[in-house]
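Residue numbers (this note's numbering): 20 to 129.
Just so you know, even glycine gets a beta-carbon here, dropped at the ideal spot from N, CA and C.
Report on one structure; see the data block that follows.
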Amino acid sequence: MPLRHRFRRLSLCLFGPKTPNGAGRMQGLMPAPYDAFAQDYIDKMRNYPTAYTTEQETAEAVFSAATDDSDRLRYPAGEDTKLLSTLRWTTSEEEYLAKMRKMFGPKLQP
20 MPLRHRFRRL SLCLFGPKTP NGAGRMQGLM PAPYDAFAQD YIDKMRNYPT
70 AYTTEQETAE AVFSAATDDS DRLRYPAGED TKLLSTLRWT TSEEEYLAKM
120 RKMFGPKLQP
């Protein structure tokens, strides 16, 4: 299985709307060289600064987008996307990228 699929599966198992914690199912899915990277990612997602978007919030945002007659382009759904959207819309490119790297980027090896 390609590595990108493993990370997607890891994210869905650990943080999907129906699965509060899938760590037990993830045993053996990550090749040993990527263990530290994956664990760092998991830790960051466990300590996420807001609640994750729910299915209901997503459905409401999609419905709003589909039925809105205005020229509005973006419909953030849930606290997590509102946080990231606000951060993007209110900071410079450099500030935004620095915050994203701090929130989600891997720890760099010395």
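(request) Give me the Cα-Cα distance between E113 and S83, rounded to the nearest whole angstrom. (result) Distance between the alpha carbons of E113 and S83 is about 31 angstroms.
(request) For my contact list, T73 and G47 are in at a C-beta cut-off of 8 angstroms; report their separation, rounded to the angstrom. (result) Actually they do not touch by this definition, with Cβ atoms about 30 angstroms apart.
(request) Tell me whether Y53 sits in a helix, a strand or coil according to DSSP, three-state version. (result) helix
(message) Assuming contact is defined by CB atoms lying nearer than 8 angstroms, are R107 and Y115 in contact in what I supplied?
(response) Cβ distance < 8 angstroms, so R107 and Y115 count as in contact.
(message) Suppose contacts are defined by Cβ-Cβ distances below 8 angstroms. Is M64 in contact with A57 by that definition?
(response) no
(request) Check whether the Cβ atoms of Y71 and D99 sit closer than 8 angstroms, and answer yes or no. (result) yes
(request) Alpha carbon to alpha carbon, how far is A55 from F34? Give it in angstroms, no decimals. (result) Reliability fails at F34, whose pLDDT of 46 lies under 50, so the model's placement of it is uncertain and the value that follows must be treated cautiously. Approximately 19 angstroms, taken between the alpha carbons.
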